[in-house]
Every structure is written in C-alpha cells, then in structure tokens.
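S.K.:
Residue numbers (the numbering used here): 25 to 145.
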C-alpha cells in the first residue's frame with residue numbers, strides 16, 4: 025500500500041513538473057553579430073508574459089527590427105538604430121506568452137553590429 029501511494033505521489037509530481045516545463049519562463053536570451061555591410065537574424069525566443077529587452081550595439085551605422093510571431097499573425101514591434109555618435113539603442117518590450125520573438129540586424133557601415141534579445145528585464 026505504501027509503495028502504491030509513493031508511486032502515485034511521484035507520478036503526480038513528475039506530471040506537474042513536466043507540464044510546467046512546457047511553459048515559457050523568463051531567462052532565455054540570444055545574441056547575434058552582423059559583420060560589416062551584412063545582416064543576420066537571432067533565433068526565436070518564447071515570450072514569458074513579462075518585460076523583455078532588445079539592445080543594438082555598433083560603432084557605426086546599424087539598424088535592427090524586432091518581430092513578434094503569434095498564432096495567425098506576425099507583427100513588427102520596434103526599430104532600433106545606431107550611428108557613429110550613438111553607439112547603443114535599447115528598448116523594453118512586453119513579451120506575451122504564446123508568442124515568439126526574433127530580430128533582424130543590419131550593419132550599414134564598416135563596423136559590425138551586435139544585437140542582444142532576452143525575455144526578461
């Protein structure tokens with residue numbers, strides 16, 4: 025009887041842990057660097073119903089676009105840019121659970137451009 029209760033208890037715990045691991049949680053991030061006069065794209069990260077952050081860094085002219093991909097629609101969220109005098113641009117954005125986020129980065133100068141994207145603040 026005790027073994028059967030222990031088995032049922034362990035099954036319940038594993039079921040709860042397994043179900044919660046499928047949910048998006050804050051703590052995911054990605055980064056990518058575009059070489060001079062080139063572009064690149066981050067991998068997608070899942071929204072976690074909290075504020076996330078996107079940051080573009082370059083010593084030259086660069087730009088980035090953050091995209092939100094939800095079931096049935098894709099939406100342009102924010103545009104970032106840098107120049108020789110403005111070497112960083114950041115934005116906080118609420119990242120909805122159930123949607124994925126990725127960004128395109130473009131280096132428009134002889135400097136590379138690095139983009140950081142995370143689903144937490």
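Every residue, glycine too, gets a C-beta built ideally from N, C-alpha and C.
For residue 65, which residues of its own chain have a beta-carbon under 8 Å away from its beta-carbon, when the five flanking residues on both sides are left out?
M.R.: Sequence-distant Cβ neighbours of residue 65 in its own chain, meaning closer than 8 Å and more than five residues away, are 56, 126, 127, 128 and 129.
S.K.: Just the Cα atoms here: how many angstroms apart are residue 109 and residue 133?
M.R.: 13 Å
S.K.: Which value, in whole angstroms, describes the spacing of the CA atoms of residue 120 and residue 80?
M.R.: Answer to the nearest angstrom: the Cα atoms are 21 Å apart.
S.K.: Identify every residue that forms a DSSP beta bridge with residue 94.
M.R.: Residue 94 is bridged by DSSP to 97.
S.K.: Between residue 99 and the rest of its own chain, which residues show a CB-CB distance below 6 Å, the 5 nearest in sequence each way excluded?
M.R.: Within its own chain, the residues whose Cβ lies closer than 6 Å to the Cβ of residue 99, once the five positions on either side in sequence are excluded, are 92, listed in chain order.
S.K.: Using the three-state DSSP reduction, which class does residue 136 fall into: helix, strand or coil?
M.R.: coil
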